[in-house]
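Numbering (the UniProt record's numbering), first residue to last: 1 to 164. All residues carry an ideal CB built from backbone N, CA and C; glycine is no exception. Treat the numbers as computed from the prediction; the structure is a model and nothing was measured.
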Amino acid sequence: MNRKYTDMDLDEKDKKLIKLLQDNCKKTTKEYADSLELSKTAVYERIRRLERQGIITKYVALIDKEAVQRDFTVLCHVRLVQHTKENVLRFEREILKLDEVSECFHISGDYDYILKINVKNMKEYREFMVAKLTAISNIGSTQSSFSIKEVKNSPSVFVGFGDD
């Protein structure tokens, strides 16, 4: 179905279920049902509806970046030389191919994009910049900031409760 929805389509149980799923989607339907004071069938149907409506888009495993030696986090601002539709789309297609880039946002302001990049260390970042990122045509300039400490990193989206 995948229809557009509004916040009014989500009742309080839906919102609580979404929060529970974002906290840990590996629990059993019974565990969610107990937390929500609903039947297993009701919770199962709510989850399926949220998936059909496109509210839940996928389930993923979150990885400890330090454990896989990808905890050197860089926020890289990118400015394009020209902003034609073709150049913007070409840049975005190329970024999608770069595994080191975990997030990319088209932004307003002095720069056109901000990239979140995870690599092993400064040497690996330099190799990434020289061999991959700056190889993309139409990049005018970049500015990199290096993460000192990750204060908050949450994949969760707050859907609100009550009269928010």
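Just how far apart, CA to CA, sit residue 119 and residue 73?
C-alpha of residue 119 to C-alpha of residue 73: approximately 7 Å in a straight line.
C-alpha gap between residue 17 and residue 48, whole angstroms
In a straight line, the C-alpha of residue 17 is about 12 Å away from that of residue 48.
In whole angstroms, what is the alpha-carbon distance linking residue 26 and residue 13?
Distance between residue 26 and residue 13, taken at the CA atoms: about 18 Å.
Would you call the CB atoms of residue 78 and residue 117 closer than 8 Å?
With respect to the 8 Å criterion, residue 78 and residue 117 are not classified as neighbours on the basis of their beta carbons.
Quick check on the burial criterion: 16 or more other C-beta atoms within 10 angstroms. Buried or exposed for residue 157?
Exposed, because fewer than 16 other Cβ atoms sit within 10 Å of the Cβ of residue 157.
Would you kindly report the start and end of the unbroken alpha helix (DSSP H) that includes residue 133?
Per DSSP, residue 133 belongs to no alpha helix (DSSP H) and is neither H nor E.
With residue 128 as the anchor, note down where its alpha helix (DSSP H) starts and where it stops.
Looking at the DSSP string, the run of the alpha helix (DSSP H) that includes residue 128 is 122-128.
Do you know offhand how far residue 9's Cα is from residue 51's?
One C-alpha to the other measures close to 14 Å.
Could you please give the first and the last residue of the uninterrupted beta strand (DSSP E) stretch that includes residue 73?
For residue 73, the enclosing beta strand (DSSP E) has its first and last residue at 72-80.
Alpha carbon of residue 75 to alpha carbon of residue 38, nearest angstrom
Rounded to whole angstroms, residue 75 to residue 38 spans 43 Å at the Cα level.
Just mark residue 59 as buried or exposed, buried being the case when its beta carbon has 16 or more other beta carbons within 10 Å.
Around the beta carbon of residue 59, fewer than 16 other beta carbons lie within 10 angstroms, which makes this residue exposed.
May I have a chain-ordered list of the alpha helix (DSSP H) segments no shorter than 4 residues that lie completely inside the UniProt domain "HTH asnC-type" (10-73)?
Complete alpha helix (DSSP H) runs here, min 4: 12-23, 29-36, 40-52.
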